Every structure is written in structure tokens, then in C-alpha cells.
Amino acid sequence: MSGLSRRTLIGAALALGACESRAQPAVPIELAPLRAAAPFPLGVCAQVSHIDDPEWARLAATHFSQLTPEWEMKMEYIVQPDGTFRFDRADRLAAFARTNRMRLYCTTLIWYAQRPEGFETLDEDRVSFGRAYDNYITAVVGRYRGQAVGWDVVNEAVAEDGEGWRQSLWASRLGDFDHMRRAFDVARAADPDAVLFLNDYNLESIPRKLDTFQRLVDRLLSAGVPVTGLGCQSHIDASLPPGAYTRTLEALARFGLPIHVSELDVSLVRAGRGPRLEERQAALYAEAMEAFMALPAHQRFAFTLWGLRDKDSWLKRENARDAPLLFDDFGQAKPAAAGLAQALGALKR
1 MSGLSRRTLI GAALALGACE SRAQPAVPIE LAPLRAAAPF PLGVCAQVSH
51 IDDPEWARLA ATHFSQLTPE WEMKMEYIVQ PDGTFRFDRA DRLAAFARTN
101 RMRLYCTTLI WYAQRPEGFE TLDEDRVSFG RAYDNYITAV VGRYRGQAVG
151 WDVVNEAVAE DGEGWRQSLW ASRLGDFDHM RRAFDVARAA DPDAVLFLND
201 YNLESIPRKL DTFQRLVDRL LSAGVPVTGL GCQSHIDASL PPGAYTRTLE
251 ALARFGLPIH VSELDVSLVR AGRGPRLEER QAALYAEAME AFMALPAHQR
301 FAFTLWGLRD KDSWLKRENA RDAPLLFDDF GQAKPAAAGL AQALGALKR
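No gaps in the numbering here: position 232 of the sequence shown is 232 in full-length UniProt numbering, and each next residue is one more.
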């Protein structure tokens, strides 16, 4: 879509929608089911509290064909202080996906930010840290073998400023590079068919971080590590310059691996007080979809939104004024949804 046509679209969508201060659009924006229009899986994240909400469940099942557990499949929920595992909520999310004909995508196995007590207080006389690490990955991946189409195996490995890799409990105990290699190798043994992803964020806005991420991918692949997909989280804000998102996906595409737009949202609050923020937000959703659709078909793994309605978003919990998603608090489509839907051919009006 040309820049002129995108501006025309967004202007029309904004005329249909409400300005930022309104509770609901004056004239609803009507979407055809997005999942039917997308020639690839269209994903959304969820918590158990969401699937228990009938309105959320209806909206998600209408528009999305892939489900990612937002946090209840992460160590912070699964690993108990005594080192045992709990899967009750993850199992419920997996069941919801099956019932609604959604693929299940899982995040995340190894994340620098998590240091479960069960690992920190591990009794090395009973089991080594490395064996406990392997056992965790094997147990979690193995439980959803045949259901999960892919995993974020290593999440956010690159330092925020792009200067090397992050320090973590896993790196300190098993080695900066070796803990990553080990995670992928164990995950591959636990599920030979799942696509295994290296996933990170701010690749669009910090060029040095994107460069370091690519060098890490090169090193992992050169070492024979079974990285079979690349995740671009895409937590962006409305101030991101036009074209930056497209250039990021083009850079990642050079590896020839499947690409997952894994956690897309577009913050208004983090963009500051610039003009026409809703218009810029809608244009970024449109650009992200267009850039993804421009990838070769075999590289379009999935396009996932990190939340359904604004009130479901982690950004809304961070700042109540934010409105980063496609649907407002009431489940009504916003201009952002119109931008994305137009790229898919799913905009009714």
C-alpha cells in the first residue's frame, strides 16, 4: 500500500472512529473475521481470566487462529518454591485453543528475567543445576508435544543497549552461550516437530540491538544449534518512524527462517504528546501487516497481537491512559484495527 493510500485509509478510519477521549466509536468500524482473511495464522495472547470472559472468548474465536499463553506457561507460574511444577492454567489455555480450532504457541522456556526459587535453592547434592534445567525444558515441552506448534526457547537474550548478551541465573550457572545452545538442544529432543524460536524486542527501535541479535543468530546457526524460527516481539509505540518496522523484518528475513511477529502492540502513552497519535498508531499496524505479508510465504509463521481489548493489555496496567490494541475496552474495533484489516482485505467499511 502506498503512503498516500495508507494516509487516506487512516483518515477515513479516524472519521469513523472516536477521538482518544471518547468511550466508544460514534460509528462502529465493521470487520470481517480477520482469521479468515489472513493467509497465515493470526494470533493473540491470553490469560485464564480472559478465556473465562464470554465476550473475550467470542471476539478471540471470531478473529484469531492462534493462541499464546501470556504468562501462565512461564517459569513464574509453573515452577513452585519446592521445585515442583503446576500446569493447571496452561492446560486450560491449551484446551481453549483446541476447542476453538486455534494453534497453540508457547512462551517462554528460558528468560533472563526469571529466577524461580526452586532453581535458586536447588540442592546440588540431590540433582545438578544442569540436570534440573534439562528436566524443566523436557517436562514442559514434552507435555505439549503434538499440541504446540512452536516455542520461544530463549527470550530476550540481547542486552537492552545492544552491547552483548544479558546476564542471568542461567548464563552464570551454565555459560553465556552454552545455556542457550543447551536449551535449544533439549527442546528439540523433547519435541522434534515444534518450531524453536529465538525471541527479542526493541529490534525496530535500537539498531545496535538488531545488529547484535543477528550476530547471535549467526553464531547459533554456525554452531549447529537448532534455531528454526525468529521472533520479533514488536512492543513499539506510535513515535516509531515510518519504514523502521519494514526494515527490521527485511533484516531478519535474510536468514531464511520462519518469522513470528510475536507480541505486537503499539503504545500511545510511550510515544509522548506528539500530534495525531491514533493516526500514527493505525499506520504502524498497517505497516507491520504489510511488511509481514511481503515476506516469502514459507517465512510467515504467524502474526500475533499482545492482547485483544485495550483493558486486557499489560500497557494499560502500566498506565491507565494507554490504548495500544485493535479493540477498545468494550470490544469495538478502533482505527488501528481498520489499518490492519485493510491490509488483509477484511475491512467492511
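Ideal Cβ placement from N, Cα and C applies to all residues, glycine included.
A quick note: this is a predicted structure, and the numbers were derived from the prediction, not measured.
Open item on the list: Tell me the rounded alpha-carbon separation between P296 and A251.
Closed with: 13 Å
Checklist entry - Any Cβ of chain D within less than 8 Å of the Cβ of G345? => result The question asks about chain D, but that chain is absent: this structure has only one protein chain.
Q) If you run the structure through DSSP and keep just helix, strand and coil, what is S168? A) coil
| said: With three or more beta-carbon pairs closer than 8 Å as the criterion, would you say the segment 153-167 touches the segment 95-103? | reply: no
Review point. When burial is assigned at 16 or more other CB atoms within 10 Å of the CB, is P116 buried or exposed?
Key: buried
- prompt: For the 8 Å Cβ check, are there 3 or more pairs between the segment 64-82 and the segment 321-340?
  reply: no
Using 8 Å as the cut-off, can you tell me whether the segment 33-44 makes contact with the segment 61-71, which would need three or more C-beta pairs spanning the two stretches below that distance? yes
Next item on the list: Using 10 angstroms around the beta-carbon of H298, count the other beta-carbons present and answer buried if the total reaches 16, otherwise exposed.
Entry: exposed
Sequence-distant residues of the same chain with beta carbon closer than 6 Å to G243, five excluded per side: none
Pick from L249, Y144, M289 and H260 that is closest to T228, judged by C-alpha positions:
H260
- Message: If I follow the unbroken alpha helix (DSSP H) through S222, where does it start and stop?
- Response: P207 to S222
Tell whether a beta-carbon distance below 8 Å holds between V141 and D193. no
Do V225 and R166 have their C-beta atoms within less than 8 Å of each other? no
Suppose you measure from the CA of E30 to the CA of T246; what does that come to, to the nearest Å? 27 Å
Sheet register partners of V266 (DSSP bridge):
I236
Do F327 and L122 have their beta-carbon atoms positioned less than 8 Å apart in this structure? no
*Reference V176, options R208, I110, E290 and I137, closest by Cα*: Checking the sequence shown, residue 176 turns out to be Asp, not Val. For D176, the nearest C-alpha among the options comes from I110.
- Message: Among I51, F303 and G83, whose alpha-carbon lies nearest the alpha-carbon of S234?
- Response: F303
- Endpoints, the alpha helix (DSSP H) within which V140 is located: F129 to R143
Unbroken stretches of the beta strand (DSSP E), 3 residues or longer, contained in the segment 288-345
300-305
inquiry  = Buried or exposed, going by whether 16 or more other CB atoms sit within 10 Å of the CB of R126?
reply    = exposed
Within the same chain, show all residues whose beta-carbon is closer than 6 Å to that of V269, passing over the 5 residues directly before and after it, in chain order.
N319, R321 and D322
- Pick helix, strand or coil for A113, following the three-state DSSP scheme. coil
Look at the alpha carbon of V149 and the alpha carbon of A36, and state the distance between them as a whole number of angstroms. 19 Å
Subject >> Chain-order list of residues whose beta-carbon lies under 6 Å from that of A271 (same chain, five-residue window excluded) >> reply: D237, A238, S239 and L277
Original post:
Relative to the alpha-carbon of E204, which residue among L169, A336, I78 and C232 has its alpha-carbon at the smallest distance?
Top reply: C232
Residues bridged to T107 (per DSSP): D152
Rounded straight-line distance, which links the Cα of D185 to that of A132: 15 Å
Alpha carbon to alpha carbon, how far is D178 from D329? 44 Å
With respect to the alpha helix (DSSP H) encompassing P69, which residues constitute its N-terminal and C-terminal limits?
First-last for P69: Q66 to P69, but that is the beta strand (DSSP E), not the alpha helix (DSSP H).
| field | Beta-carbon proximity check, G118 vs V79, cutoff 8 Å | value | yes
By how many angstroms is the C-alpha of P241 removed from the C-alpha of E279? 13 Å
CA nearest to the CA of V195, picked from Y144, A171 and A288
Y144
Determine the direct distance from the alpha carbon of G307 to that of Q24, and round the result to whole angstroms.
-> Annotation note: pLDDT 48 at Q24 (below 50); position unreliable, no value reported.
Range covered by the beta strand (DSSP E) that runs through R198
Correcting the residue identity first, residue 198 is Leu in this sequence and not Arg. Its beta strand (DSSP E) spans residues V195 to D200.
Give me the Cα-Cα distance between A94 and Q147, rounded to the nearest whole angstrom. 8 Å
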